[in-house]
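In what follows, a single structure is set out as C-alpha coordinates and then discussed.
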(Lines of atoms letter the chains of each structure in order from A and count residues from 1; the text may use other names and numbers.)
(Lines give C-alpha, C1' and ligand atoms only; values in the text may rest on other atoms or scores of the structure.)
Protein backbone atom coordinates (compact mmCIF):
# COMPACT_ATOMS: atom_id res chain seq x y z
CA UNK A 1 0.00 0.00 0.00
CA UNK A 2 2.91 2.38 0.65
CA UNK A 3 3.95 1.98 -2.99
CA UNK A 4 0.58 3.24 -4.21
CA UNK A 5 -1.31 5.43 -1.76
CA UNK A 6 -5.08 5.74 -1.96
CA UNK A 7 -6.48 9.19 -1.28
CA UNK A 8 -9.99 10.37 -0.48
CA UNK A 9 -9.11 14.06 -0.80
CA UNK A 10 -8.93 15.86 -4.14
CA UNK A 11 -6.03 18.06 -3.04
CA UNK A 12 -3.99 14.97 -2.18
CA UNK A 13 -4.93 13.41 -5.52
CA UNK A 14 -3.70 16.53 -7.31
CA UNK A 15 -0.34 16.27 -5.52
CA UNK A 16 -0.01 12.63 -6.56
CA UNK A 17 -0.75 13.54 -10.19
CA UNK A 18 1.92 16.26 -10.11
CA UNK A 19 4.45 13.67 -8.91
CA UNK A 20 3.44 10.41 -10.60
CA UNK A 21 1.07 11.56 -13.38
CA UNK A 22 -1.74 9.54 -11.79
CA UNK A 23 -3.59 9.10 -8.52
CA UNK A 24 -5.92 6.50 -7.02
CA UNK A 25 -8.93 8.18 -5.44
CA UNK A 26 -11.64 6.67 -3.24
CA UNK A 27 -15.00 8.09 -4.31
CA UNK A 28 -18.14 8.52 -2.25
CA UNK A 29 -21.07 6.08 -2.14
CA UNK A 30 -23.18 8.22 -4.47
CA UNK A 31 -20.64 8.09 -7.30
CA UNK A 32 -19.90 4.43 -6.61
CA UNK A 33 -23.56 3.59 -7.19
CA UNK A 34 -23.54 5.50 -10.49
CA UNK A 35 -20.41 3.68 -11.66
CA UNK A 36 -21.76 0.25 -10.76
CA UNK A 37 -25.13 0.94 -12.41
CA UNK A 38 -23.44 1.87 -15.69
CA UNK A 39 -21.04 -1.06 -15.41
CA UNK A 40 -23.86 -3.54 -14.83
CA UNK A 41 -25.87 -2.16 -17.75
CA UNK A 42 -22.87 -2.47 -20.05
CA UNK A 43 -22.14 -6.00 -18.86
CA UNK A 44 -25.70 -6.97 -19.69
CA UNK A 45 -25.35 -5.46 -23.13
CA UNK A 46 -22.09 -7.26 -23.93
CA UNK A 47 -23.50 -10.56 -22.66
CA UNK A 48 -26.36 -10.13 -25.11
CA UNK A 49 -23.95 -9.18 -27.90
CA UNK A 50 -21.93 -12.32 -27.35
CA UNK A 51 -24.97 -14.61 -27.23
CA UNK A 52 -26.74 -13.06 -30.22
CA UNK A 53 -23.66 -12.93 -32.44
CA UNK A 54 -22.69 -16.54 -31.84
CA UNK A 55 -26.16 -17.70 -32.96
CA UNK A 56 -26.39 -15.38 -35.98
CA UNK A 57 -25.01 -16.44 -39.36
CA UNK A 58 -24.09 -14.40 -42.41
CA UNK A 59 -27.34 -15.46 -44.12
CA UNK A 60 -29.67 -14.07 -41.47
CA UNK A 61 -27.75 -10.94 -40.49
CA UNK A 62 -30.36 -8.80 -42.19
CA UNK A 63 -33.28 -10.75 -40.76
CA UNK A 64 -33.58 -8.56 -37.70
CA UNK A 65 -32.16 -5.12 -37.11
CA UNK A 66 -31.22 -6.05 -33.55
CA UNK A 67 -29.11 -8.96 -34.74
CA UNK A 68 -27.52 -6.75 -37.37
CA UNK A 69 -26.48 -4.31 -34.66
CA UNK A 70 -25.24 -7.14 -32.45
CA UNK A 71 -23.06 -8.54 -35.21
CA UNK A 72 -21.71 -5.09 -35.88
CA UNK A 73 -20.74 -4.76 -32.25
CA UNK A 74 -19.39 -8.28 -32.17
CA UNK A 75 -17.02 -7.46 -35.01
CA UNK A 76 -15.65 -4.73 -32.80
CA UNK A 77 -15.64 -6.65 -29.53
CA UNK A 78 -14.51 -10.15 -30.45
CA UNK A 79 -10.79 -10.40 -29.78
CA UNK A 80 -10.74 -7.05 -28.03
CA UNK A 81 -10.79 -3.61 -29.61
CA UNK A 82 -9.12 -2.90 -32.93
CA UNK A 83 -7.39 0.45 -33.44
CA UNK A 84 -7.16 0.93 -29.70
CA UNK A 85 -4.88 3.96 -29.96
CA UNK A 86 -6.65 5.55 -32.92
CA UNK A 87 -9.62 7.93 -32.73
CA UNK A 88 -11.83 5.49 -34.61
CA UNK A 89 -15.38 4.22 -33.97
CA UNK A 90 -13.91 1.02 -32.55
CA UNK A 91 -12.09 2.95 -29.86
CA UNK A 92 -15.19 4.95 -29.04
CA UNK A 93 -17.43 1.95 -28.52
CA UNK A 94 -20.09 4.20 -27.07
CA UNK A 95 -20.14 7.94 -26.94
CA UNK A 96 -21.71 9.69 -24.01
CA UNK A 97 -23.48 11.99 -26.39
CA UNK A 98 -26.03 10.96 -28.98
CA UNK A 99 -24.83 13.65 -31.39
CA UNK A 100 -22.32 11.14 -32.75
CA UNK A 101 -23.16 8.71 -35.55
CA UNK A 102 -20.59 6.11 -34.55
CA UNK A 103 -23.06 3.56 -33.15
CA UNK A 104 -26.64 3.78 -31.94
CA UNK A 105 -27.70 3.11 -28.39
CA UNK A 106 -29.53 -0.24 -28.08
CA UNK A 107 -33.25 0.27 -28.65
CA UNK A 108 -34.40 -2.73 -26.64
CA UNK A 109 -32.98 -1.49 -23.32
CA UNK A 110 -32.65 2.17 -22.36
CA UNK A 111 -30.81 1.54 -19.09
CA UNK A 112 -27.37 1.69 -20.67
CA UNK A 113 -27.98 5.13 -22.17
CA UNK A 114 -29.60 6.53 -19.02
CA UNK A 115 -26.97 5.17 -16.64
CA UNK A 116 -24.21 6.36 -18.95
CA UNK A 117 -25.55 9.90 -19.15
CA UNK A 118 -25.89 10.06 -15.37
CA UNK A 119 -22.36 8.79 -14.90
CA UNK A 120 -20.94 11.27 -17.40
CA UNK A 121 -22.05 14.27 -15.36
CA UNK A 122 -20.60 12.79 -12.16
CA UNK A 123 -17.23 11.93 -13.70
CA UNK A 124 -17.05 15.29 -15.44
CA UNK A 125 -17.59 17.12 -12.15
CA UNK A 126 -14.94 14.94 -10.51
CA UNK A 127 -12.33 15.81 -13.14
CA UNK A 128 -13.21 19.51 -13.16
CA UNK A 129 -12.65 19.61 -9.39
CA UNK A 130 -9.34 17.81 -9.82
CA UNK A 131 -8.28 20.19 -12.59
CA UNK A 132 -9.03 23.21 -10.42
CA UNK A 133 -6.92 21.74 -7.62
CA UNK A 134 -4.07 21.12 -10.05
CA UNK A 135 -4.19 24.67 -11.42
CA UNK A 136 -4.10 26.15 -7.93
CA UNK A 137 -1.38 23.77 -6.74
CA UNK A 138 0.88 24.42 -9.71
CA UNK A 139 0.31 28.17 -9.58
CA UNK A 140 1.29 28.34 -5.92
CA UNK A 141 4.37 26.17 -6.40
CA UNK A 142 5.73 28.35 -9.22
CA UNK A 143 4.92 31.82 -7.90
CA UNK A 144 7.46 33.89 -6.01
CA UNK A 145 6.41 35.08 -2.54
CA UNK A 146 4.44 38.30 -2.84
CA UNK A 147 5.61 41.17 -0.62
CA UNK A 148 2.85 42.82 1.41
CA UNK A 149 3.34 46.01 -0.63
CA UNK A 150 2.45 44.25 -3.88
CA UNK A 151 -1.03 42.77 -3.49
CA UNK A 152 -1.71 43.29 -7.19
CA UNK A 153 0.74 40.52 -8.07
CA UNK A 154 -1.24 37.99 -6.07
CA UNK A 155 -4.42 39.27 -7.68
CA UNK A 156 -2.92 38.78 -11.16
CA UNK A 157 -2.07 35.20 -10.29
CA UNK A 158 -5.58 34.55 -9.03
CA UNK A 159 -7.04 36.15 -12.16
CA UNK A 160 -4.89 33.85 -14.29
CA UNK A 161 -6.08 30.81 -12.37
CA UNK A 162 -9.68 31.88 -12.82
CA UNK A 163 -9.17 32.41 -16.55
CA UNK A 164 -7.84 28.87 -16.99
CA UNK A 165 -10.65 27.40 -14.90
CA UNK A 166 -13.21 29.16 -17.09
CA UNK A 167 -11.76 27.41 -20.14
CA UNK A 168 -12.78 24.05 -18.70
CA UNK A 169 -16.39 23.09 -19.52
CA UNK A 170 -18.20 23.23 -16.19
CA UNK A 171 -20.83 20.69 -17.30
CA UNK A 172 -20.47 17.70 -19.58
CA UNK A 173 -23.35 19.00 -21.70
CA UNK A 174 -21.33 22.15 -22.48
CA UNK A 175 -18.92 20.22 -24.68
CA UNK A 176 -19.10 17.28 -27.06
CA UNK A 177 -15.33 16.77 -26.97
CA UNK A 178 -15.20 14.70 -23.78
CA UNK A 179 -16.16 11.08 -24.46
CA UNK A 180 -17.21 8.28 -22.16
CA UNK A 181 -15.65 4.98 -23.24
CA UNK A 182 -16.73 1.40 -22.62
CA UNK A 183 -13.83 -0.91 -23.42
CA UNK A 184 -14.65 -4.61 -23.43
CA UNK A 185 -11.63 -6.91 -23.58
CA UNK A 186 -12.20 -10.55 -24.44
CA UNK A 187 -9.68 -12.93 -22.96
CA UNK A 188 -10.31 -15.47 -25.74
CA UNK A 189 -7.93 -14.00 -28.29
CA UNK A 190 -5.58 -11.63 -26.45
CA UNK A 191 -3.10 -11.55 -29.34
CA UNK A 192 -5.62 -9.64 -31.46
CA UNK A 193 -5.83 -6.72 -29.07
CA UNK A 194 -3.76 -3.60 -29.39
CA UNK A 195 -2.85 -3.01 -25.74
CA UNK A 196 0.36 -1.11 -26.39
CA UNK A 197 1.78 1.62 -24.19
CA UNK A 198 0.21 5.01 -24.88
CA UNK A 199 -0.98 8.28 -23.42
CA UNK A 200 -4.52 9.58 -23.82
CA UNK A 201 -5.76 12.78 -25.30
CA UNK A 202 -7.27 15.27 -22.89
CA UNK A 203 -6.55 17.17 -19.70
CA UNK A 204 -7.46 14.37 -17.30
CA UNK A 205 -8.71 10.81 -17.71
CA UNK A 206 -10.56 8.84 -15.07
CA UNK A 207 -10.70 5.03 -15.18
CA UNK A 208 -13.11 3.15 -12.91
CA UNK A 209 -11.16 0.33 -11.28
CA UNK A 210 -12.66 -3.15 -11.35
CA UNK A 211 -12.25 -6.56 -9.75
CA UNK A 212 -10.54 -7.80 -12.92
CA UNK A 213 -7.00 -6.38 -12.86
CA UNK A 214 -6.14 -4.86 -16.22
CA UNK A 215 -4.98 -1.24 -16.05
CA UNK A 216 -1.23 -0.71 -15.76
CA UNK A 217 0.28 2.75 -15.26
CA UNK A 218 3.90 3.87 -15.38
CA UNK A 219 5.38 4.77 -12.00
CA UNK A 220 8.80 6.42 -12.05
CA UNK A 221 11.40 5.60 -9.42
CA UNK A 222 12.41 9.25 -9.39
CA UNK A 223 10.42 12.27 -10.46
CA UNK A 224 10.96 13.25 -14.11
CA UNK A 225 13.20 10.22 -14.57
CA UNK A 226 12.83 7.63 -17.31
CA UNK A 227 13.49 4.66 -15.05
CA UNK A 228 10.45 3.06 -13.49
CA UNK A 229 7.98 0.25 -13.97
CA UNK A 230 4.37 -0.44 -14.82
CA UNK A 231 2.15 -1.06 -11.80
CA UNK A 232 -1.41 -2.36 -11.65
CA UNK A 233 -3.47 -0.27 -9.19
CA UNK A 234 -6.13 -2.97 -8.89
CA UNK A 235 -3.58 -5.53 -7.70
CA UNK A 236 -1.64 -3.22 -5.38
CA UNK A 237 -4.76 -1.76 -3.80
CA UNK A 238 -6.65 -5.02 -3.45
CA UNK A 239 -5.09 -8.47 -3.63
CA UNK A 240 -4.65 -11.52 -5.82
CA UNK A 241 -8.05 -12.93 -4.81
CA UNK A 242 -9.58 -10.57 -7.34
CA UNK A 243 -8.74 -13.12 -10.00
CA UNK A 244 -11.14 -15.61 -8.42
CA UNK A 245 -14.11 -13.25 -7.99
CA UNK A 246 -17.31 -14.83 -9.29
CA UNK A 247 -18.61 -11.73 -11.06
CA UNK A 248 -16.72 -8.73 -12.45
CA UNK A 249 -17.65 -5.50 -10.74
CA UNK A 250 -16.46 -1.95 -10.13
CA UNK A 251 -14.94 -0.93 -6.82
CA UNK A 252 -15.22 2.43 -5.08
CA UNK A 253 -11.83 3.46 -6.47
CA UNK A 254 -10.93 5.37 -9.61
CA UNK A 255 -7.59 6.14 -11.20
CA UNK A 256 -7.16 9.72 -12.44
CA UNK A 257 -4.43 10.11 -15.06
CA UNK A 258 -2.82 13.14 -16.67
CA UNK A 259 -3.56 13.54 -20.36
CA UNK A 260 -1.56 15.26 -23.07
CA UNK A 261 -3.40 18.58 -22.58
CA UNK A 262 -2.63 18.98 -18.86
CA UNK A 263 0.98 20.18 -19.03
CA UNK A 264 0.29 22.86 -21.69
CA UNK A 265 -2.65 24.08 -19.63
CA UNK A 266 -0.65 24.35 -16.41
CA UNK A 267 2.28 25.97 -18.22
CA UNK A 268 0.08 28.99 -18.80
CA UNK A 269 -0.74 29.36 -15.10
CA UNK A 270 2.30 31.53 -14.37
CA UNK A 271 3.12 33.95 -17.17
CA UNK A 272 4.39 37.44 -17.66
CA UNK A 273 7.06 37.64 -14.95
CA UNK A 274 8.28 41.25 -14.76
CA UNK A 275 12.06 41.09 -15.26
CA UNK A 276 12.51 44.74 -14.37
CA UNK A 277 11.24 44.04 -10.87
CA UNK A 278 12.56 40.62 -9.96
CA UNK A 279 15.63 40.39 -12.18
CA UNK A 280 16.30 38.40 -15.33
CA UNK A 281 18.01 35.53 -13.48
CA UNK A 282 14.96 35.10 -11.25
CA UNK A 283 12.70 35.06 -14.29
CA UNK A 284 14.76 32.32 -15.92
CA UNK A 285 14.86 30.22 -12.75
CA UNK A 286 11.11 30.62 -12.35
CA UNK A 287 10.58 29.45 -15.92
CA UNK A 288 12.81 26.41 -15.41
CA UNK A 289 11.03 25.57 -12.16
CA UNK A 290 7.66 25.86 -13.85
CA UNK A 291 8.68 23.50 -16.66
CA UNK A 292 10.27 21.03 -14.22
CA UNK A 293 7.11 20.92 -12.14
CA UNK A 294 4.80 20.09 -15.02
CA UNK A 295 3.32 16.58 -14.79
CA UNK A 296 3.91 14.22 -17.66
CA UNK A 297 1.04 12.62 -19.52
CA UNK A 298 0.45 9.25 -17.87
CA UNK A 299 1.85 6.34 -19.84
CA UNK A 300 -0.39 3.31 -19.45
CA UNK A 301 -1.49 0.09 -21.10
CA UNK A 302 -3.80 -2.89 -20.72
CA UNK A 303 -2.45 -5.86 -18.83
CA UNK A 304 -1.94 -9.00 -20.87
CA UNK A 305 -2.90 -11.73 -20.68
CA UNK A 306 -6.16 -11.12 -18.88
CA UNK A 307 -7.41 -13.86 -16.59
CA UNK A 308 -11.01 -13.05 -17.48
CA UNK A 309 -12.91 -10.72 -19.76
CA UNK A 310 -12.70 -7.14 -18.56
CA UNK A 311 -15.10 -4.24 -18.99
CA UNK A 312 -13.48 -0.87 -18.42
CA UNK A 313 -15.18 2.52 -18.10
CA UNK A 314 -13.22 5.70 -18.70
CA UNK A 315 -14.01 9.37 -19.21
CA UNK A 316 -11.70 11.92 -20.82
CA UNK A 317 -11.95 15.61 -19.97
CA UNK A 318 -10.88 17.49 -23.09
CA UNK A 319 -10.55 21.14 -24.02
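Numbering (my numbering), first residue to last: 635 to 953. For each residue, glycine too, the CB sits at the ideal point set by N, CA and C. Note that the structure is a prediction, hence the values are computed from the model and not measured.
Review point. DSSP state of residue 678, grouped into three classes?
Key: Taking the chain shown and counting its residues from 1, the one referred to as residue 678 is at position 44. In the three-state scheme derived from DSSP, where H, G and I count as helix and E and B as strand, residue 678 is classed as helix.
Practice item. Please report how far the alpha carbon of residue 752 lies from the alpha carbon of residue 643, in whole angstroms. Key: If you number the chain shown from 1, residue 752 lands on position 118. If you number the chain shown from 1, residue 643 lands on position 9. When rounded, the distance between both Cα atoms is 23 Å.
Exercise for review: Identify whether residue 765 lies in helix, strand or coil by the three-state DSSP scheme.
Suggested key: Translated into the one-based positions of the chain shown, residue 765 becomes position 131. In the three-state reduction of the DSSP assignment, residue 765 falls in the helix class, which pools H, G and I.
Review point. Thinking just about the alpha-carbon of each residue, which of 893, 927, 939 and 675 is nearest to the one in residue 819?
Key: In the chain shown, residue 819 corresponds to position 185, counting from 1. The option with the nearest alpha carbon to residue 819 is 939.
Practice item. Could you name the residues of the same chain whose beta carbon sits closer than 7 Å to that of residue 929, not counting the 5 residues immediately before and after it, in chain order? Key: Locating residue 929 in the chain shown gives position 295, counting from the first residue. Excluding its 5 nearest sequence neighbours in each direction, residue 929 has C-beta neighbours in its own chain below 7 Å: 651, 652, 655, 892, 896 and 897, listed in chain order.
Practice item. Just the C-alpha distance for residue 740 and residue 664, rounded to the nearest angstrom, thanks. Key: One-based indexing of the chain shown puts residue 740 at position 106. One-based indexing of the chain shown puts residue 664 at position 30. Looking at the two C-alpha atoms, the distance is approximately 26 Å.
Point to revise | One or two residues paired with residue 892 in a DSSP bridge | key: Looking up residue 892 in the chain shown gives position 258. Residue 892 is bridged by DSSP to 838.
**Study point:** Beta-carbon proximity of residue 648 to residue 768, cut-off 9 Å
**Key:** The residue you call residue 648 lines up with position 14 of the chain shown. The residue you call residue 768 lines up with position 134 of the chain shown. Going by C-beta atoms, residue 648 is nearer than 9 Å to residue 768.
Review point. Which same chain residues, not among the five before or five after residue 669, have their C-beta less than 6 Å away from its C-beta?
Key: As a position in the chain shown, residue 669 is number 35, starting the count at 1. Correct list, in chain order: 842 and 884.
Point to revise | Cβ-based burial, residue 811 [other Cβ within 10 Å; buried from 16] | key: By one-based count along the chain shown, residue 811 stands at place 177. Here residue 811 is exposed: its Cβ has fewer than 16 other Cβ atoms, across all protein chains shown, within 10 Å.
Check your understanding: For residue 952, which of 855, 867, 745 and 758 has the nearest alpha-carbon?
Key -> Taking the first residue of the chain shown as position 1, residue 952 is located at position 318. Selected option, being the one with the closest Cα: 758.
**Study point:** residue 639 versus residue 679 - alpha carbon distance
**Key:** The residue labelled residue 639 in the question sits at position 5 within the chain shown. The residue labelled residue 679 in the question sits at position 45 within the chain shown. Residue 639 and residue 679: Cα-Cα distance of roughly 34 Å.
Check your understanding: Are residue 605 and residue 935 close, meaning C-beta to C-beta below 9 Å?
Key -> Lying before the first or after the last residue shown, residue 605 is absent from the chain, which here runs from 635 to 953.
Review point. Taking the alpha carbon of residue 805 as the point to measure from, which residue in 846, 944 and 763 has its own alpha carbon closest?
Key: Taking the chain shown and counting its residues from 1, one reaches residue 805 at position 171. Among 846, 944 and 763, the Cα nearest to that of residue 805 belongs to 763.
Check your understanding: Going by other Cβ atoms of all chains shown within 10 Å of its Cβ, with 16 needed for buried, is residue 830 buried or exposed?
Key -> Here residue 830 refers to the residue found at position 196 of the chain shown. With fewer than 16 other Cβ atoms within 10 Å, it is exposed.
Review point. Name the DSSP bridge partner or partners of residue 640?
Key: Stepping through the chain shown from its first residue, residue 640 is reached at position 6. Per DSSP, 658.
Check your understanding: How many angstroms separate the CA atom of residue 802 from the CA atom of residue 837?
Key -> Along the chain shown, read from residue 1 onward, the residue named residue 802 stands at position 168. Along the chain shown, read from residue 1 onward, the residue named residue 837 stands at position 203. Rounded to the nearest angstrom, the two C-alpha atoms are 9 Å apart.
Review point. Residue 943 to residue 770, Cα distance in whole Å?
Key: By one-based count along the chain shown, residue 943 stands at place 309. By one-based count along the chain shown, residue 770 stands at place 136. Spanning the alpha carbons of residue 943 and residue 770 requires a straight line of approximately 40 Å.
Practice item. Could you tell me if residue 834 is buried or exposed, where buried requires 16 or more neighbouring beta carbons within 10 angstroms of its beta carbon? Key: Taking the first residue of the chain shown as position 1, residue 834 is located at position 200. Buried, since its Cβ has 16 or more Cβ neighbours within 10 Å.
Practice item. Measure the alpha-carbon distance for residue 868 versus residue 855 and round it to whole angstroms. Key: Mapped onto the chain shown, residue 868 falls at position 234. Mapped onto the chain shown, residue 855 falls at position 221. The alpha-carbon of residue 868 is positioned some 20 Å away from that of residue 855.
Check your understanding: Going by the CB atoms, is the gap between residue 888 and residue 964 shorter than 9 Å?
Key -> Shown here, the chain extends from 635 to 953; a query on residue 964 therefore has no answer.
**Study point:** DSSP beta-bridge partners of residue 947
**Key:** Numbered from 1 along the chain shown, position 313 holds the residue referred to as residue 947. Beta-bridge partners of residue 947 (DSSP): 816 and 842.
Check your understanding: What are the boundary residues of the beta strand (DSSP E) that residue 849 is part of?
Key -> Against the chain shown, residue 849 aligns to sequence position 215. From DSSP, the beta strand (DSSP E) with residue 849 extends over 849 to 854.
Check your understanding: Between residue 849 and residue 677, is the Cβ-Cβ spacing less than 9 Å?
Key -> Counting from 1 along the chain shown, the entry for residue 849 is found at position 215. Counting from 1 along the chain shown, the entry for residue 677 is found at position 43. By the CB criterion at 9 Å, residue 849 and residue 677 fall outside the cutoff.
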